[in-house]
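Engineer:
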Amino acid sequence: MALGRRDALRLAALGGAAGLTTPWARPALAQGSYPSQPIRLLVPNGAGGVADLTARTVGQAMSERLGQPVVVENRPGAGGIVAGQALMTAPADGYTLMVATNAHAISPSLFRSLPFDPVRDFAPVGLMGSFAIALLVSPKSPIQNVQDLLAKLKKDSSANIGTISVGSTQNLAAELFKTATGIDTVTVPFSSTPDLLTALLRGDVTVAFEIVAPLMGQIRGGSLRAIAVTSAERAANLPDVPTLQQHGLKDFDVTSWNALVAPGKTPQPVIDTLNTAMNAALAEPEVRKKLLDAGVEARGGTPAAMSQLLRTETEKWRGVIEKAGIEKQ
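Whatever position you read off the sequence shown (first residue = 1), add 5 for this note's numbering.
1) Can you give the beta carbon distance from Ala-264 to Met-311, rounded, assuming they're within the 8 Å contact cut?
2) Kindly identify the DSSP beta-bridge partner or partners of Phe-182.
3) So, is Glu-327 buried or exposed, given that buried needs 16 or more other C-beta atoms within 10 angstroms?
4) Just to confirm the assignment, what range does the beta strand (DSSP E) spanning Thr-101 have?
5) With Thr-278 as the anchor, note down where its alpha helix (DSSP H) starts and where it stops.
6) Among Thr-101, Met-67, Leu-243 and Gly-89, which one has its Cα closest to the Cα of Ala-110?
7) With H, G and I counted as helix, E and B as strand and the rest as coil, what does DSSP make of Val-259?
8) Helix or strand or just coil, what does DSSP make of Ser-163?
9) Can you tell me whether DSSP reads Val-325 as helix, strand or coil?
10) Is there contact here, the segment 268 to 287 with the segment 119 to 130, by at least three beta-carbon pairs under 8 Å?
11) In the DSSP assignment, the alpha helix (DSSP H) including Pro-194 goes from what residue to what residue?
12) Do you know whose CA, among Ile-188, Ala-52 and Val-259, lies nearest Asn-107's CA?
13) So, with DSSP's three-state summary, where would you put Val-234?
14) What whole-angstrom Cβ distance do Ile-232 and Leu-154 have, given they're in contact under 8 Å?
15) Short of 6 Å in beta carbon distance, which residues of its chain neighbour Thr-27, apart from the five on each side in sequence? Order them along the chain.
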């Protein structure tokens, strides 16, 4: 029986926990002659973002175990397509890796054609981290919880939901929320998070769906208020904020994630070496703290668990995109 998305994410985390406690998690991990040169790690986003921070934090810790530098190279553009194409055309020798994100599970249903198949052309190494999406309101908003939000969306025809671009995880989470609640309201996409937050604080947007990681400062400082998170479990860095499931939306589970992948035909011994190094890096308290301070929960896990998560996510978002009537680009 196929695993659901929540089960797949749990399996990835459990696999990581198993790897993090084994006695072979700490020593240098070179297998045979690999690696014998620096490893390039492609990031499908610009410098300073969540994927970039995760790549640099985990990559540095991995390099100490592999005995070779892990060099981060930012390749933003086209929802991860630019980086994905670069990975697909790289030699399958373990010296070019990539941070895969939710976008790589969404793209097959969002674009008419892709130069790669994320399931077939990527070889998962493992899940590095996940981070919550929150429902955010202005601190001046009378909305205190999800019940208040639902009442507002039902009664006020001018009420709306704001997200960043169409087809983003945040945007699709909002569409899934509308389906789960049966509420027919407008979703307003913005080109950037600053534009979205400006509209939210100005009162042009009723609620914003946005990832927590880059907004922890505003949330902790009180300039934004989180009324719920979309993940199945409460976010470790927002323990007082309930989940949508706790508000009665059964099985609602949307989490953004960053995974480590290699070209599809990379030899299994190389994948295993990288996976062991990744899990050992994610076991380091300093790494876990640095990630959590940035809003990312360290995960870890097996290549098989990550492969299952990627397949589950790809199918999930295909259904959401079709139901929402989002035209392929």
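All residues carry an ideal CB built from backbone N, CA and C; glycine is no exception.
Quick caveat: nothing in here was measured; it's all calculated off a predicted structure.
Structural biologist: Working from what's here:
1) Here residue 264 corresponds to residue number 259 of the sequence shown, with the count starting at 1. Here residue 311 corresponds to residue number 306 of the sequence shown, with the count starting at 1. Correct: roughly 5 Å between the Cβ atoms.
2) Sequence index remark: in the sequence shown, residue 182 carries index 177 (1-based). According to DSSP, which records beta bridges pairwise, Phe-182 is partnered with nothing at all.
3) Numbered from 1 along the sequence shown, position 322 holds the residue referred to as residue 327. The residue in question, Glu-327, is exposed, as its Cβ has fewer than 16 Cβ neighbours within 10 Å.
4) Along the sequence shown, one-based indexing puts residue 101 at 96. Counting along the chain, the beta strand (DSSP E) containing Thr-101 begins and ends at 101 to 106.
5) The residue labelled residue 278 in the question sits at position 273 within the sequence shown. 273 to 288 is the span of the alpha helix (DSSP H), which, as asked, contains Thr-278.
6) The count along the sequence shown starts at 1 and reaches residue 110 at position 105. Taking only the C-alpha atoms, the option nearest Ala-110 is Gly-89.
7) Position 254 of the sequence shown, counting from 1, holds the residue named residue 259. Three-state DSSP puts Val-259 in coil, outside helix and strand.
8) Counted from its first residue, the sequence shown places residue 163 at position 158. Note: Ser-163 maps to coil in three-state DSSP.
9) Stepping through the sequence shown from its first residue, residue 325 is reached at position 320. Residue state, collapsed to three classes: helix.
10) yes
11) Here the question's residue 194 lines up with position 189 in the sequence shown. Careful: Pro-194 lies outside any alpha helix (DSSP H), inside the beta strand (DSSP E) at 191 to 195.
12) The residue labelled residue 107 in the question sits at position 102 within the sequence shown. Cα-wise, what sits closest to Asn-107 is Val-259.
13) On the sequence shown, position 229 is the one that residue 234 refers to. Reduced to three states, the DSSP call for Val-234 is strand.
14) Within the sequence shown, numbered from 1, the residue matching residue 232 stands at position 227. Within the sequence shown, numbered from 1, the residue matching residue 154 stands at position 149. Contact holds; Cβ gap of about 7 Å.
15) Residue mapping note: residue 27 aligns to position 22 of the sequence shown, counting from 1. The pLDDT assigned to Thr-27 is 36, lower than 50, so where the model puts this residue is not dependable; a value taken from the coordinates is nonetheless given after this. Here the set comprises nothing.
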